[in-house]
Amino acid sequence: MPKITYVESDGNRHEIDVDAGWNLMDGAVKNGVPGIDGDCGGNCACATCHIFVSAEWAEVTGERTEAEQEMLEFAENVQSNSRLACQIEVDDRLDGLVVHLPESQY
Numbered sequence: 003m004p005k006i007t008y009v010e011s012d013g014n015r016h017e018i019d020v021d022a023g024w025n026l027m028d029g030a031v032k033n034g035v036p037g038i039d040g041d042c043g044g045n046c047a048c049a050t051c052h053i054f055v056s057a058e059w060a061e062v063t064g065e066r067t068e069a070e071q072e073m074l075e076f077a078e079n080v081q082s083n084s085r086l087a088c089q090i091e092v093d094d095r096l097d098g099l100v101v102h103l104p105e106s107q108y
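Per my numbering, the sequence shown starts with residue 3, numbered consecutively.
Right under this line is the structure:
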């Protein structure tokens, strides 16, 4: 089971075992990680699961979809490495992934 680390903006870390086949938002919400709201339930319709993915993981996590890019227009503090956690499906290649959360989703 892949181990994902979610890092809050204050540096607090949450190391979570996330089932393959789930997305990063599911892993965070189902394990009570603060700062990932997932208001739309993972349907790429709200941008409340905004995360930052470091460059070394960009190839493995894939590129933003057009829908994801459009939703990120509603997010705060969007950067070149911004992604929506609901759009990244977990598989064994993501074991060890560390993602960072913005200060706020709203």
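Think of the CB as a built atom: it goes at the ideal place given N, C-alpha and C, for glycine as much as any other residue.
Since we're looking at a predicted model, the values are computed, not measured.
Query: Member of Thr50, Ser82, Lys5, Asp41 whose CA lies at the smallest distance from the CA of Glu65; Result: Ser82
Query: Sufficient close CB pairs (3 or more, under 8 Å) joining the segment 14-23 to the segment 54-70; Result: no
Query: Residue interval of the beta strand (DSSP E) (run including Thr7); Result: 5-9
Query: Enclosing beta strand (DSSP E) for Glu17 [first to last residue]; Result: 15-19
Query: Bounding residues of the beta strand (DSSP E) (the contiguous stretch that carries Leu86); Result: 84-86
Query: For Val80, three-class secondary structure by DSSP; Result: coil
Query: Per-residue DSSP class, three states only, for Val62; Result: helix
Query: Nearest neighbour of Cys46, chosen from Leu74, Gly23, Tyr108 [CA to CA]; Result: Leu74
Query: Beta-carbon contacts of Asn33 that lie in its chain and below 6 Å, excluding the five residues immediately before and after; Result: Ile18
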